[in-house]
Structures are given as C-alpha cells and as structure tokens.
C-alpha cells in the first residue's frame, strides 16, 4: 500500500478469520518494526508473540477474559525494558563507527548519561520505556496492515499476572497487547464509515496552547 492508504484505512479490528499468519509474514512485519525511533536509539522493546491456542487462552485469562485475545491468529505482548543501558554499548559503538559522534570521549559521555538514567526511580524508567515502546507498537500496527494483517491495541490486562503467567524477566514492563489476524470481509470493508476523528483545527495549536479555543472550532471532523 501507499503510506497514506496504510494510515487512512487501518482500523482496529476485534474479530478475525481462522486463517493463520505464516512465519514469513510475521518476520516481514517485525523487520519493519525494528526501524521505529526510540530515545537515544536504545530500542528498549521486546515482543512476545503468542499463537498457540493454550497460550492464547492463558493470555486471555490475564486480559480480563477478552475474547479477542484468544480469537486472534496471534496476540503480541509488547514489553519495554526499563534499563536504558541494556543496549547502550552497541548503540553508541555504532554511532562512533559511523562517525555520528566524533570521539571515544563523546561515546563515554553518552554512556554516562544513559547509566545515570538507569539509576532513576523505577516509575520514571517505566514512563521512559513506555514512550519509546509505544512508537514501535504503532509501527507494528501499520506494518501489519501494510501486509494485509489487521490489528487492535489493547490495554485491558493485569500486568503483574501477565509477568507471572509467562515468566517475563524482571525489569520488563508490559506496555500493551496487540491482536493480529485477518479480518472478515465485512470488518475489513473500507467503505465502512470512519469513526469520529477530531479535526486538525481542534488538535493543533500554533505558538500558544489554547485548548478552549480549539474545542470551539467549527471545522468539520475528519471521518
């Protein structure tokens, strides 16, 4: 698809056909996901792809019983590493090799910055990893749709129970679930009316932030 078509036709789909997503398609999707941006290019994301029926049922149980989780061809658990320094050596060595930075001294200074970030309270590090990992999650949904795979982001789950049930290592934050699958023809029908979207005039502010003024904008909503 053209980029604008991917953006404008993607929908959150809650029902899927029985068709499986083959390994090559998943590989191609995640090959695109890995190019998502992140803070310092530290790429704190990991993805647990659940496809086995029994495991999907286990995941459904910690996701408040939501049927979509188990009915999808795959449900992806998006995990964020709360240790900013986890991949910092490789990242900054690459910057130095490619002359994005001029010297070992600059590399060492950057490592020091990230190591200091790793000492922040866990709540601050959870916010940090969620910000970057959310960018990769959106990339996942767009890449999936570019391959004809529908998706739905989900936040209704018990994070602690998920960590316990799937033995997720300490230091990883469950950020989101994303269901993946092929949509039934009626669900994927792009002639369906687009749900309400707030207008550009309402959500964009130039120079000063004035939400009261934007909320009274009379421009029609983009549907």
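In full-length UniProt numbering, the protein residues as written are 1 to 223. C-beta atoms are modelled at their ideal positions from N, C-alpha and C, and glycine is treated no differently. A quick note: this is a predicted structure, and the numbers were derived from the prediction, not measured.
Cβ-Cβ separation, residue j to residue i (assumed contact under 8 Å), whole Å
i, j, result
"residue 172", "residue 75", "Contact doesn't hold; Cβ gap of about 17 Å is too wide."
"residue 174", "residue 118", "Wrong, their Cβ atoms sit about 20 Å apart, outside the cutoff."
"residue 179", "residue 152", "5 Å"
"residue 149", "residue 7", "Between residue 7 and residue 149 the Cβ distance is about 16 Å, and since that is not below 8 Å, they are no contact."
"residue 12", "residue 131", "Between residue 131 and residue 12 the Cβ distance is about 21 Å, and since that is not below 8 Å, they are no contact."
Backbone CA spacing between residue i and residue j [nearest angstrom]
i, j, result
"residue 62", "residue 184", "26 Å"
"residue 21", "residue 51", "9 Å"
"residue 206", "residue 147", "36 Å"
"residue 57", "residue 25", "23 Å"
"residue 121", "residue 109", "21 Å"
"residue 208", "residue 124", "28 Å"
"residue 203", "residue 93", "40 Å"
"residue 158", "residue 169", "16 Å"
"residue 210", "residue 116", "36 Å"
"residue 53", "residue 19", "13 Å"
"residue 200", "residue 17", "35 Å"
"residue 101", "residue 45", "24 Å"
"residue 73", "residue 2", "25 Å"
"residue 99", "residue 5", "36 Å"
"residue 226", "residue 137", "Residue 226 lies beyond the residue range present for the chain, which begins at 1 and ends at 223; the question has no answer from this structure."
"residue 194", "residue 23", "31 Å"
"residue 103", "residue 95", "10 Å"
"residue 112", "residue 27", "34 Å"
Host beta strand (DSSP E) of residue i (start-end)
i, result
"residue 173", "172 to 181"
"residue 154", "150 to 154"
"residue 74", "74 to 81"
"residue 3", "Note, residue 3: premise wrong, no beta strand (DSSP E); alpha helix (DSSP H) at 3 to 9."
Segment limits, alpha helix (DSSP H) that includes residue i
i, result
"residue 127", "122 to 146"
"residue 27", "23 to 33"
"residue 42", "Careful: residue 42 lies outside any alpha helix (DSSP H) and carries neither H nor E."
"residue 65", "Residue 65 -> no alpha helix (DSSP H), and no H or E assigned at all."
"residue 91", "88 to 97"
"residue 163", "159 to 165"
"residue 201", "200 to 203"
"residue 115", "104 to 117"
Sub-8 Å separation of residue i and residue j beta-carbons
i, j, result
"residue 91", "residue 42", "yes"
"residue 155", "residue 141", "no"
"residue 105", "residue 15", "no"
"residue 139", "residue 36", "yes"
"residue 80", "residue 133", "yes"
"residue 48", "residue 77", "yes"
"residue 114", "residue 88", "yes"
"residue 10", "residue 145", "yes"
"residue 32", "residue 143", "yes"
Any non-hydrogen atom of the ligand GTP closer than 7 Å to residue i Cβ
i, result
"residue 197", "Annotation note on the ligand GTP: not contained in the displayed structure, which lists no ligands."
With a threshold of 8 Å, are at least 3 pairs of Cβ atoms found where one atom belongs to the region 58 to 73 and the other to the region 160 to 169? Short answer: they touch.
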